[in-house]
Each structure stands twice: as C-alpha cells, then as structure tokens.
Amino acid sequence: MRPNSQALRSSHDTEREFGGALGALCIPISLPLTVLFLIGVSRSPEASVFQWPPPLPSTDQLWDPLAPVLLLGWIALHALLYVMPLGKVSEGLVLRDGTRLKYPINGIYITDHKTQHVWVFCFCIFTM
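In my numbering, the protein residues as written are 1 to 128.
This is how it looks when you write it as structure tokens:
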C-alpha cells in the first residue's frame, strides 16, 4: 500500500499564503504607508486621493511617547499570560516525525485575567 503522497509533501512544496516571502515582507511595509497616506489626504482641504504628495502631519502629531510603552507592556502581558500555569495542556496533531506538540488551553482564564487588568488600568487612568 502506497503512503498518501499529500501527507508526505515536504514543506518546500507547499503553497505560501499572501504571496510567499515577498508578500509577507510587503504587507507590513505597505499597510502603514497606506494609513499614513490616507491620514495626509484626509487632512488636506480638498481631501482628494489624487492630490500628490499629500501634506504630512508633523511628527509630534503622529508620535506619542506613551505608545511604545503601552505596546511593550501589552506584549509582556501576553508573554506572562502564556506561561501562567492555568488550564489544561492538550496535545496537537501528529507531526511528520510522529511526535505531538503540547498547547496550553487557557484561553478563558487568560481572557478573564486580561479583562481584569484592562479594567484596573482604565480605573487608575480615569480616576487620577
């Protein structure tokens, strides 16, 4: 009996989503540039997409020093919540080498914990 050739395809033969490596590189670059273009166009008196180049806002209007702190804090919170020993650990599908990866199934606990953090943060910000 021949093994299923579809199951034994190497990772190099699989189709890539979003245009492969080039698409994965272009999406994070083009999306912020598109947003910046639309911000510039909407601030112009005519608000015309065909007006080129659009007037860009000053850097102090685009950048808030609290933004990277909040971003790094959000990433650190998710890293902490990932390693918290809440919930059960389930095994994934069988891999090509016969092993199974283990995944923590703690989504409801993490969602509840994160919601509590957001409420406390908002309470502290708006009561000061």
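Backbone N, C-alpha and C define an ideal beta-carbon position, used for all residues, glycine too.
Cross-strand partners of Y103 (DSSP beta bridge): For the purposes of this step, residue 103 is taken as residue 103 along the sequence shown, with counting starting at 1. For Y103, which the question treats as bridged, DSSP gives the partners S90.
Sub-8 Å separation of G144 and Y103 beta-carbons: This structure leaves residue 144 out entirely; the chain is present only between 1 and 128.
Entirely within the stretch 24–69 and at least 4 residues each: give me those alpha helix (DSSP H) ranges in chain order. 59–62
Using only the alpha-carbon positions, how far apart do C122 and L95 sit? For the purposes of this step, residue 122 is taken as residue 122 along the sequence shown, with counting starting at 1. For the purposes of this step, residue 95 is taken as residue 95 along the sequence shown, with counting starting at 1. Each residue's alpha carbon lies about 43 Å from the other.
Go ahead and label E15 buried or exposed: buried means 16 or more other beta carbons lie within 10 angstroms of its beta carbon, across all protein chains shown. As a first step, residue 15 must be located in the sequence shown, where it is residue number 15. By the 10 Å Cβ count, E15 comes out exposed.
How close, in whole Å, do the beta carbons of P57 and I29 come, if the pair is a contact with beta carbons under 8 Å? The residue you call residue 57 lines up with position 57 of the sequence shown. The residue you call residue 29 lines up with position 29 of the sequence shown. 20 Å between Cβ atoms; not a contact.
Simplified DSSP assignment, three categories, for F18: Along the sequence shown, one-based indexing puts residue 18 at 18. Residue state, collapsed to three classes: coil.
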